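In my numbering, the protein residues as written are 39 to 176.
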């Protein structure tokens, strides 16, 4: 709860940094709070907590289901860019990068680079979540 309040205060003061590292024990809700912050940043009503009803919030709601379930759809023969495009889902300004098997591959980061160079489509900003960033193999 302290982290959520801290992020809410940062958001309301307009002081969200370019990058935030969420760390801690497994299962404490890092992904959920990162998704909530992402939704607030992309919310068209500019509020925290996010409204949940604007077109941007509607598009990002799908990511509140477990992304690992989506990753399994591809099986073990998939390559990073395909997984990257699938996890982008329906929101053009949001992406979630996850390890492929045991690591985040270089081609996933290359695809991310292409994503960040394009201007936001719906919101004023873009958000990237790199889950398990420590597994990056650069």
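Ideal placement from N, C-alpha and C gives every residue a C-beta, glycine not left out. These numbers come from a predicted model, not from an experiment.
Separation of residue j from residue i, as counted between CA atoms
i           : j           : result
residue 98  : residue 129 : 6 angstroms
residue 116 : residue 51  : Its pLDDT being 49, under 50, residue 116 is placed unreliably in this model, and the value from its coordinates should be taken loosely. Using only the alpha carbons, I get a separation of about 42 angstroms.
residue 114 : residue 139 : Note on residue 114: pLDDT 41, under 50, position unreliable in the model; the coordinate value appears next. If I take the Cα positions, the gap works out to 7 angstroms.
residue 162 : residue 82  : 8 angstroms
residue 131 : residue 76  : 10 angstroms
residue 91  : residue 42  : 20 angstroms
residue 164 : residue 149 : 15 angstroms
residue 134 : residue 147 : 11 angstroms
residue 56  : residue 40  : 21 angstroms
residue 62  : residue 46  : 19 angstroms
residue 59  : residue 65  : 16 angstroms
residue 22  : residue 78  : This structure cannot speak to residue 22, because the chain is shown only from 39 to 176.
Assumed close pair residue i, residue j - CB separation to whole angstroms, cut-off 8 angstroms
i           : j           : result
residue 143 : residue 170 : Actually they are not in contact, since the Cβ atoms of residue 143 and residue 170 sit about 13 angstroms apart, beyond 8 angstroms.
Among the options, the one whose alpha carbon lies nearest that of residue i
i           : options         : result
residue 49  : 68, 69, 84, 67  : 84
residue 136 : 167, 90, 78, 76 : 167
residue 141 : 78, 150, 172    : 172
residue 54  : 62, 44, 149, 63 : 44
Pair within 9 angstroms by beta-carbon distance, residue i and residue j
i          : j           : result
residue 87 : residue 160 : no
residue 95 : residue 73  : no
**Asked** Does the stretch 151 to 164 come close enough to the stretch 58 to 70 that 3 or more CB-CB pairs lie under 8 angstroms?
**Response** no
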